[in-house]
Amino acid sequence: MSLSRTRLALFSTLFLITTVSCQRATAPGHTPATSVPSEPGDDVSVRGPVFADVTAASGLAFTYRNGEDADHQAILESLGGGVALFDYDHDGLLDIFLPGGGYFDGPDKKKFRGHPNRLFRNLGEWKFRDVTADCGLPIDGPFYSHGAAASDYDNDGWTDLLVTGYGRLALYRNDKGHFVDVTANSGLKDPGAMHWSTSAGWGDLNADGWPDLLVVHYVNWSFQNHPACDGANKKPDICSPSLFEPLPHALYLNQTGKNFTLQSNGIKAGPGLGVLLADLDGDGRNDIYVANDRTDNYLYINRGMAAFEEIGLRAGVSGDEAGRPGGSMGVDAADCDGSGRLSLFVTNFAGEEHALYLNQGASRFTYSSRVAGIAAIGRRFVGFGTGFIDFDRDGAPDLFIANGHVLRRPASGARNQDAILFRSLRNTGDPAGRVRFANVSAAGGDYFKTTHMGRGAAFGDLDNDGRIDIVVSHTNEPVVLLRNVFEPKSEWIGISLIGKAPKDPVGAVLTLNEGDRRQVQTIKGGGSYMSSSDPRLVFALAAGANYRLTVRWPSGQVQSFDDAALGRNRYVAIQEGENAPRPFPTR
Amino acid sequence: METANRAPRPFIKRRSFRFVAAALVLIGIGSAIVAYTVRANRAAERSRAQADQAIERLEFSKAIEHLRNYLAERPASPDVHFLLARTLRRDGQFDECANHLEECKRLGYDPEAVRREMMLLELQRSGARGRSTDELIAMVRDPKQSPAPDPVLLETLYRADFVMRNLDRAALWLHIWLEHYPNDWMPHLWRGEIHEKLLRHDRAQADFAQVLESRPDQPQALRGLGQIALSQRTDYVEAESYFRRSLAVAPRHPDARLGLAMCRYGRGDLNDARQLAQGVLDENYTHIGAAMLLGTIEAESGNQDEALRWLRVAEKGGANPQAVCYQLAQVFRRTGQTADADRYERKFTELRDTQRAIDAATRGAQREPNNADRQAEVGRLCLAVGQSDLAAQWFLKALTIDPNHRSSHAALADYFARQTDPRLAGRAEFHRKKASGP
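Chains B and R, in that order, give the protein sequences. Position one of the first sequence corresponds to residue 19 (our numbering), numbered consecutively onward. Position one of the second sequence corresponds to residue 462 (our numbering), numbered consecutively onward.
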């Protein structure tokens, strides 16, 4: 063979070898181990800013304070406060109630005192005024307060208010815009030896037409039980809740609006911080989910007449994918995957993922934080207030999380943390049971560019423009009012439901069908963290499209309304049993 | 006349031709010999150079192969016999090491060096058993040997103790090494591994980072940093960068591929994570970490049959019992196999209760660090949840407080008996005798 032929044979061989190697390297199933994966998160596919901080000009000047200047490093200081959004005066605008927190008084700085709580009336046009004194609520802080839960517990058409805290809680009955402290005769007795209530949720649990109350309690900390704990760098810091005994949670059954009886059979103790009442198994009865801090979360399935069976572990919602309990704080639920069932979202402590549990039906949930893109934000966050909100009004619930550390000196060095805004990437026609979220915080607005000691967050349409706004409470930092300024392409319809009994129909399921698209929303009790959100629901509508809304009331009654009856780009009130909607506001 | 001038030429030509031909043949043979010798020398030198590089990278198997290739060309090289012997010892191949040391003696290598290497061989082979820490420290710090501790001796002691699971003492030799030679990267690497095993992540991170100062592509340190970034901070970006750098140097390493898979999984890229984990399993079907990861991915993706398949592999391989029991319970429940779901849920609950007891017992042991019973109790509970390596450390700690603590000896006897490394069988016997009393 000639030299030239030899060379030709050699190069051909090398070429073939190279070609085959490359094909093997790129053929399916032969991905090289070092291939660069595609980037699943941080999709800034949103034209921001989504939210504008309008606090400064609003008249809403308020700060929750925790008394940490006494330097006790008490675990009490770490919880913070919540937010309640409700229309206390029936003017159709959501007002804002803010617990004030507390401090330590006396010569030894060990007497518990409350900072004043405040009710701000919504004047419209993003203006608010402090009306605490005018409406009969205490001017001074009656106790070290945490959360607030609003509901018309006596079915008189006026929304009442529960405030939780250390040492006691308070129930204020709304008498046509004026509040009366009815705690003393309410029957809201402590279920255990001491009282430390955090979150609360209202909902009819025994189908008698009266909203019952689930109050979660935390741990048996007091100054008599106040160990010294070291944090990072061996400096004194807040103790872990694991060092204390959990307190029993309390289920109070409403006795026709006059008072409550404690009925805690089957209700376990736990260091509870979040609670949600909703029909999680689709049987028409309100169930209860409790977010506990460092122990299993509880899922109480309502077996009827307020008899509950706790199945959190079995259902797959007690902890993470390995069954490890987290430091759970906030909770919400929504049909985020198009299945028509309520999936759960729980915020957790640093070193853990915030947990998304997709509802598979039959009281089974799948831990889905990673497949949904939630876990991509990592594990440095300590999450509190949270909510499924459709901020872009595309019919798919998005997510907001308020974050902020609990330690004075966390190992990461940063107490304050940034909030997170997730956008759902679901589109009409996507298969049910799947959802993916993208972190769009970068487009969230200025609030998301700075860090905060985030705690409670409540969600509601404060200006009735069909876009969901947010109010966030921080510890030792002013409350923030975030106005939704996103320009959605869709139209909308807002629904305010008025039940026969209870008037606040927690458990009602609303299904809006519009062509191929179905949106399912429900009225929930509790949710987020120590907070109470707008009871109204907003549905996205394609411009000009026909739609049909079906309401399944807690009583079992089902009603349907079409777009001709309801209209669009407005709020309407639907009274149970009435064939036509009423204008909003009503009552 | 024309023919008179031609007469001598044919004869001269024939003779010249033969001479030239013979010369050519001789030259050819000589050239071949020279070429062969040169080639052999070059091959030998190449093998030697490759061996040196492999030793530098701590790739002892490759180094041994290259040194054997060298000796195939130059069998009478005492230097290389010695180097091979040392490398074999470092790699734990003690019998062959001894053979090459004998050959060194026969070839007249420095007898003192051979004697010392034989001493190191026996020290490492025996796991430094029967020698107290004080005795060994005295040996290390003996000024008659050298003004500063000999790193070769320190490494030998580290290897001896590491294999025998005396991790704290193994770390001690590395501490001493670094006291005198703080810029050496190998003790940092090995100490980092020990810190990782003992869950001292911050210290492990510091050591691995120090390795990269002088060896920026050291794959083990890169993997270690990746694991810490993943497990301690869940910093997927940082962890991924370390794993990729490690894979650039050692492309098939399963731990780095699995680490990368976990990063992809954490970031929500399940398809990529699945492929990477599957790739590890294609080469090792029973890789526990990959099986567990793939099982988890399939469970989260709704592929229950595949999830069950891989979780079973993980269970059989000894994956974290709590995690695998919980996952299996969930998968069985989703597939309607209620009895199995209940069984695994009960097992999970029992394991978790034991883990809580471990946490409480650990706090008790930390409050009473000189109480051997407290340390052993933690070990006993760790055994109950399948954390046998961690359990062994607690029992060894108990023995540092009370060398005759019989329950610790009994537990360690069982532990070492279950290890596959034949060198540890003697250790099991030692503890069994101690457990049965004086």
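Virtual Cβ for every residue (Gly too), placed ideally from N, Cα, C.
Self-check item: Residues bridged to F278(B) (per DSSP)
Solution: N272(B)
Practice problem: Would you please verify whether the beta carbon of E761(R) is less than 7 Å from any beta carbon of chain B? | Solution: yes
Exercise. Pair every Cβ in the region 217-235 of chain B with every Cβ in the region 540-548 of chain B, then say whether three or more of these pairs are closer than 8 Å.
Key: Short answer: they touch.
Practice problem: Just mark P883(R) as buried or exposed, buried being the case when its beta carbon has 16 or more other beta carbons within 10 Å. | Solution: exposed
Quiz item: Are at least three pairs of beta-carbons, each pair with one atom in the region 519-535 of chain B and one in the region 189-205 of chain B, less than 8 Å apart?
Solution: no
Self-check item: Buried versus exposed call for F478(R) [16 or more other C-beta atoms within 10 Å across all chains shown]
Solution: The C-beta of F478(R) has fewer than 16 other C-beta atoms within 10 Å across all chains shown, which makes the residue exposed.
Self-check item: Contact under 7 Å by Cβ, S868(R) with A889(R)
Solution: no
Self-check item: Residues bridged to N482(B) (per DSSP)
Solution: DSSP, once it has assigned bridges, lists no residue as partnering N482(B).
Quiz item: What is the DSSP secondary structure of T44(B), reduced to helix, strand or coil?
Solution: Residue placement at T44(B) is flagged as unreliable, the pLDDT there being 32, under the threshold of 50; the coordinate-derived value follows with that caveat. The three-state secondary structure of T44(B), taken from DSSP, is helix.
Quiz item: In terms of alpha-carbon separation, which member of F197(B), T469(B) and V490(B) lies closest to V149(B)?
Solution: F197(B)
Quiz prompt | S546(B) - partner residues in DSSP beta bridges | solution = As a beta-bridge residue in DSSP terms, S546(B) pairs with V349(B).
Quiz item: Which value, in whole angstroms, describes the spacing of the CA atoms of H423(B) and L812(R)?
Solution: 31 Å
Practice problem: With F161(B) as the anchor, note down where its alpha helix (DSSP H) starts and where it stops. | Solution: Where F161(B) is concerned, there is no enclosing alpha helix (DSSP H), given that its DSSP letter is neither H nor E.
Practice problem: Could you check the C-alpha separation between R382(B) and S336(B) for me, to the nearest Å? | Solution: 12 Å
Quiz item: Helix, strand or coil for T568(B) per DSSP?
Solution: strand
Quiz item: Going by the beta-carbon positions, is the gap between G334(B) and Q791(R) smaller than 7 Å?
Solution: In contact: G334(B) and Q791(R) (Cβ atoms closer than 7 Å).
Quiz prompt | Residue interval of the beta strand (DSSP E) (run including A558(B)) | solution = L555 to L559
Quiz prompt | The alpha helix (DSSP H) enclosing D820(R), as first and last residue numbers | solution = T799 to R828
Quiz item: Given that a residue counts as buried once 16 or more other Cβ atoms are within 10 Å of its Cβ, and exposed if not, what is E674(R)?
Solution: exposed
Self-check item: Neighbouring residues, chain B, relative to Y726(R) (Cβ below 7 Å)
Solution: R388
Quiz item: Based on the DSSP output, what are the partners of Y318(B) in its beta bridges?
Solution: I306(B) and E328(B)
Practice problem: For R382(B), write down the residues that DSSP places opposite it in a beta bridge. | Solution: G379(B)
Exercise. Can you give me the Cβ contacts of T274(B) inside the same chain, cut-off strictly under 7 Å, excluding the 5 residues immediately before and after it?
Key: W228, listed in sequence order.
Quiz item: Quick one: which chain R residues come within Cβ less than 8 Å of Q91(B)?
Solution: Residues of chain R passing the Cβ test: none, with the nearest at roughly 20 Å.
Quiz item: Got a sec, what are the start and stop residues for the beta strand (DSSP E) Y190(B) sits in?
Solution: A188 to D193
Practice problem: Would you mind stating whether V458(B) and T73(B) have Cβ atoms separated by less than 7 Å? | Solution: Not in contact: V458(B) and T73(B) (Cβ atoms no closer than 7 Å).
Exercise. Using a threshold of 7 Å, state whether the C-beta atoms of R444(B) and V453(B) are closer than that.
Key: yes
Quiz item: Based on Cα-Cα distance, which residue from A70(B), R65(B) and V64(B) lies nearest to D464(B)?
Solution: A70(B)
Quiz item: At what residues does the beta strand (DSSP E) containing L613(B) begin and finish?
Solution: For residue 613(B) there is no data in the structure shown, the boundaries of chain B being 19 and 605.
Quiz prompt | Closest Cα partner of A640(R) within the set R620(R), S702(R), P610(R) and E654(R) | solution = Per the sequence presented here, residue 640(R) reads as Glu, with Ala not at that position. For the residues R620(R), S702(R), P610(R) and E654(R), the minimum Cα distance to E640(R) belongs to P610(R).
Quiz item: Can P209(B) and A268(B) be called in contact, C-beta distance under 7 Å?
Solution: Contact flag set, yes.
Quiz item: Residues of chain B with CB under 8 Å from F793(R), in chain order?
Solution: Residues of chain B passing the Cβ test: none, with the nearest at roughly 11 Å.
Quiz item: What residues of chain R sit near E339(B), judged by a beta carbon separation below 9 Å?
Solution: Ordered by position in chain R, the residues that pass the 9 Å Cβ test against E339(B) are T757, A760, E761, A784, Y787, Q788 and Q791.
Practice problem: Would you kindly work out how many angstroms separate the C-alpha atoms of G489(R) and L614(R), rounded to a whole number? | Solution: 52 Å
Exercise. Taking C-beta pairs closer than 9 Å, name the residues in chain A that G478(B) reaches, listed in chain order.
Key: In the structure shown, chain A does not exist; the protein chains are B and R.
Practice problem: Evaluate the contact criterion for the region 619-630 of chain R versus the region 851-859 of chain R: three or more CB pairs, one atom per stretch, below 8 Å. | Solution: yes
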